[in-house]
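Numbering (the numbering used here), first residue to last: 1 to 348. Ideal placement from N, C-alpha and C gives every residue a C-beta, glycine not left out. Fair warning: this is a prediction, and the values are worked out from it, not measured in the lab. Working notes for the structure below.
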């Protein structure tokens with residue numbers, strides 16, 4: 001830990017780094033400064049362990065496009081070598097050694113990070129193509145200074161989906177559960193215990209994602225997914241039910257725990273009053289003896305509230321996070337834009 005014995009979060013460290021080092025250097029220019037972007041500290045999950053890898057003094061500084069070169073030159077020339085015992089210039093993995101005070105215009109930075117200049121209004125397709133981890137990296141963290149409040153307003157506008165997009169994505173999330181909820185029993189019936197457990201794990205993730213949507217919270221990528229879920233309001237009963245399903249050694253116990261989880265999620269849906277109320281009780285899967293929610297009922301209730309003709313003209317595949325699970329795709333600001341064909345309007 002570079003001789004530093006008392007751990008503080010990266011956000012705290014960089015608040016001090018900005019106030020004591022960077023702000024005096026850029027005070028002559030209107031600017032915003034923040035600790036946003038990638039990094040465990042932005043999401044509030046950094047610990048002492050985090051300090052061994054890509055952690056330390058780092059800031060995003062936003063100025064007018066015409067001032068970027070001059071401000072960057074001052075930063076390059078006048079940063080100290082060390083701050084509070086931490087090297088100011090460092091590297092990791094394939095990142096070369098250098099300082100990590102990134103100077104840019106806000107629009108340029110957002111295009112690089114999200115694939116679109118989100119300081120302006122986003123289209124429906126824009127919203128669907130931005131991974132939630134990338135939205136978190138813009139809306140989490142901390143802003144230390146913001147002349148004109150442009151960054152603050154942008155973060156507020158990006159804090160959650162427009163209601164019509166939200167309802168459509170919620171419908172897609174319920175559809176994902178509907179598509180696999182009967183497979184737990186069918187796999188168990190064939191003696192495929194591993195397959196049954198695998199489906200339970202998939203359903204557990206989908207129901208956890210549902211809770212993120214209920215609480216208007218973007219979900220992070222896999223490393224922080226469970227930790228972020230545990231922070232969500234009222235998530236403990238669902239967590240306990242899902243843990244019961246995941247650890248059960250027989251199908252009957254597994255199904256009973258899933259039934260509890262289904263009904264918790266269904267009642268939470270009704271409590272949100274986003275749609276007309278839907279009967280939250282489980283039922284047999286048609287003529288088969290598997291107890292399921294028949295979650296398509298909730299998807300249809302959501303779709304009944306979607307009036308946007310563009311969304312109603314799309315297949316219910318969900319956003320890029322619901323369509324794809326590739327880290328290489330979802331961690332890239334530009335690559336998801338190549339999936340625009342999935343969201344071309346098709347009149348219903």
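Inclusion of residue 43 and residue 220 in the CB contact set at 8 Å is warranted, their separation being smaller than that value. Excluding the 5 residues flanking it on each side, residue 127 has same chain C-beta neighbours closer than 8 Å at 161, 162, 165, 319, in chain order. Scanning its chain for C-beta atoms nearer than 8 Å, with the 5 sequence neighbours on each side dropped, one finds around residue 154 the residues 106, 110, 118, 119, 138, in chain order. When beta bridges are read from the DSSP output, residue 34 appears opposite 60, 143. Distance from the CA atom of residue 143 to the CA atom of residue 185, rounded to whole angstroms, is 49 Å.
If you compare the alpha carbons of 27, 311, 53, 197 with that of residue 39, the shortest gap goes to 53.
One alpha carbon belongs to residue 9, the other to residue 104, and they sit about 25 Å apart. In the DSSP annotation of this structure, residue 333 is not part of any alpha helix (DSSP H), being labelled neither H nor E. Using a Cβ distance threshold of 8 Å, residue 305 and residue 274 count as a contacting pair.
It is roughly 11 Å from the alpha-carbon of residue 303 to the alpha-carbon of residue 313. Inclusion of residue 196 and residue 211 in the CB contact set at 8 Å is not warranted, their separation being larger than that value. Residue 290: member of the beta strand (DSSP E) spanning 288-292, first to last residue.
Using a Cβ distance threshold of 8 Å, residue 173 and residue 322 count as a contacting pair. In this structure, residue 34 lies near residue 60, with their beta-carbon atoms less than 8 Å apart. Straight-line measurement puts the Cα of residue 82 at about 34 Å from the Cα of residue 156.
For residue 90, the beta-bridge partners assigned by DSSP are 98.
In the DSSP assignment, residue 120 falls outside any alpha helix (DSSP H), carrying neither H nor E.
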